[in-house]
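Let me begin by presenting the structure, written as structure tokens, before commenting on it.
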Amino acid sequence: MSTCCHFTPVKGGRVWSPDDKAQPTPAAPGATDIYRPDILENIEETIKSLDSELRELSLNIHGHPEIKFEEHHAHDVLTAFMEKHGFAVTKHYHLDTAWLATFSHGTGGRTIGINSEMDALPGIGHACGHNLIAISGVGVAIAIKEALKKFSISAKIVLLGTPAEEGGSGKIMLLKANAYKGMDACLMCHPAPGPIGSVSLSSCLALERFIVEYTGHTAHAALSPWEGKNALDAAVLGYNNISALRQQIRPTHRVHGIFEGKDWAPNIIPDFARMICYVRAPTRAELQGTVKRVLPCFHAAALATGCEVKIKIDTGTYDIRQNKALGDEVANIVLNKYGTIDYEWGISSASTDFGNVSYELPSLHPGFAIPTIKDGGNHTPGFEKAAATIEAHNACLDVTKALAATGMRVLIDDEFMARVKETFEEDREARDNLV
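For the sequence shown, UniProt numbering assigns the number 1 to the initial residue and increments by one for each residue that follows.
Put into structure tokens, the structure is as follows:
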């Protein structure tokens, strides 16, 4: 039995650009022997046989972009695909566009969880590449299924179709509905800019969302402005207060947002304005400190304008706690077979509701690099085009193989699973001690 190498993640947070000459450097050189190369070979054969089907499925989803909680087409084509490949499927699982696909072989054994995302962004379609995340989850599940059958292994696969990652926190809703209950570990991946062939094991930023509503009093803006209390001014002041605060917050933290209103006209003092604000930080614990500094910005704006303010704290998402044992295994496979590993790019400066999953059970969420143009990272039209390229598809399949092999080791290697649990508990203790 081989022992996986132990890499130490390095915090980075820098965003890769196509003109960046830097290349990823593993935190430890080299790689050890692959655990059960016969299983990886079987996984590679399965993914190869699925290649054209997965490509067609990816382009189908990419060509029918649907925003959060409206992923009806994606729901239907993905559930039909999983039924075709021998999985028991539950449609509309807890949420209208969520779904569940399961497969059990033999009796007993552990359960591996997998996620497939499917939602797009308003106006720019699959500019975060969720069509690739969808097919990766599907590919991991089917590859593990075929390996369980070939090697007569008792275990269970649970694939969740998770809607509304973009602003809807679908996974948090599924967590509250106990959809992740019974999983021994959970796996997924995400595309991002980076050197081709690179797989990233960075974390992401924890996020808190605020909806701030200012209520004032309308008036004729020219005839009697003194009768008004300007809610738009309050929102602008709140925005500017945050802009001033940014000079004194850590460079790894983020505060950003927009304001909006209804029935505005130049000659009417607005009596209502809404500000939507996101606060981000490298960890959930650090986030709370910055949140405490942002909240007075909203209240001060209301005080200055004589408006009333209501602040609603929306569902927050946590940083990803990449399980070290799972990450080491993926890193070893990638270094042996598919490319390079880094701990600084990926989605390190973005946020995802999978972070909340990683706080509840051993989890892994590697990023994988796809070809991008300059200034064409996630959430841009350039990335939307990149997510449909054959190069992105091939990169997606490589990380899918590594995840499937890692999932198989979770299911069959008792010593490895003990290490997965141990590193999860070590991280739980470490994050509880963060200040």
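Think of the CB as a built atom: it goes at the ideal place given N, C-alpha and C, for glycine as much as any other residue.
- Counting only the Cα atoms, residue 164 lies some 25 Å from residue 103.
- The three-state reading of DSSP puts residue 49 in helix, counting H, G and I together.
- Contact check for residue 411 against residue 112 passes: the beta carbons are separated by less than 9 Å.
- Remark: three or more beta-carbon pairs, one from each stretch, lie closer than 8 Å, so the segment 197 to 206 and the segment 310 to 324 are flagged as touching.
- Between residue 194 and residue 346, the C-beta gap is smaller than 9 Å, which places the two residues in contact.
- Rounded to whole angstroms, the separation of the alpha carbons of residue 160 and residue 88 is 12 Å.
- Between the alpha carbons of residue 239 and residue 258 lies a distance of about 8 Å.
- Considering only 236, 389 and 284, the residue with the shortest C-alpha distance to residue 59 is 389.
- Exclusion of the five residues before and after residue 73 leaves 64 and 66 as the residues of its chain whose Cβ lies within less than 7 Å of its Cβ.
- Comparing C-alpha distances from residue 38 to each of 144, 309 and 70 shows the shortest one belongs to 144.
- With fewer than 16 other Cβ atoms inside 10 Å of its own Cβ, residue 251 counts as exposed.
- By a beta-carbon distance limit of 8 Å, residue 326 contacts residue 406. Their separation comes to about 6 Å.
- Listed in chain order, the beta strand (DSSP E) runs fully inside the segment 41 to 103 are 88 to 91, counting runs of at least 3 residues.
- For the alpha helix (DSSP H) assignment, the uninterrupted runs of no fewer than 4 residues enclosed by the segment 333 to 384 are, from N- to C-terminal side, 354 to 360.
- Linking residue 402 to residue 217 through their CA atoms gives a straight-line distance of about 59 Å.
- By the CB criterion at 9 Å, residue 205 and residue 285 fall outside the cutoff.
- Excluding residues up to 5 positions away in sequence, 208 and 279 lie with their Cβ nearer than 7 Å to the Cβ of residue 291 in the same chain.
- Distances from the CA of residue 107 to each of 244, 153 and 46 were compared; the closest alpha carbon is that of 153.
- Excluding five sequence positions before and after residue 367, the CB atoms of its chain that fall closer than 6 Å to its own CB belong to 190, 192, 200, 346 and 347, given in chain order.
- Distance from the CA atom of residue 397 to the CA atom of residue 233, rounded to whole angstroms, is 51 Å.
- For residue 207, the beta-bridge partners assigned by DSSP are 280 and 317.
- Counted as a single uninterrupted DSSP element, the alpha helix (DSSP H) harbouring residue 396 occupies residues 390 to 412.
- Here the C-alpha atom of residue 131 lies approximately 54 Å from the C-alpha atom of residue 224.
- Assignment of residue 151 by DSSP, reduced to helix, strand and coil, places it in the coil class.
- Contact between residue 386 and residue 395 is absent: CB atoms are separated by about 10 Å, not below the 8 Å threshold.
- The segment 117 to 128 makes no contact with the segment 173 to 186: fewer than 3 CB pairs, one atom from each, lie closer than 8 Å.
- In this structure residue 303 is exposed. Its beta-carbon is surrounded by fewer than 16 other beta-carbon atoms within 10 angstroms.
- Within the model, the alpha-carbon separation for residue 400 versus residue 305 is close to 54 Å.
- The distance from the Cβ of residue 370 to that of residue 129 is about 7 Å, consistent with a contact at the 8 Å cut-off.
- By the Cβ-count criterion, residue 328 is buried, with 16 or more other Cβ atoms from all chains shown falling within 10 Å of its own Cβ.
- Under the three-state reduction of DSSP output, residue 275 falls in the strand class.
- By the beta-carbon neighbour count (other beta carbons within 10 angstroms, threshold 16), residue 243 is exposed.
- The DSSP assignment places complete beta strand (DSSP E) segments of no fewer than 3 residues inside the segment 108 to 188 at 111 to 117, 155 to 162 and 185 to 187, in order along the chain.
- Of the other Cβ atoms in all chains shown, fewer than 16 fall within 10 Å of the Cβ of residue 226; this residue is therefore exposed.
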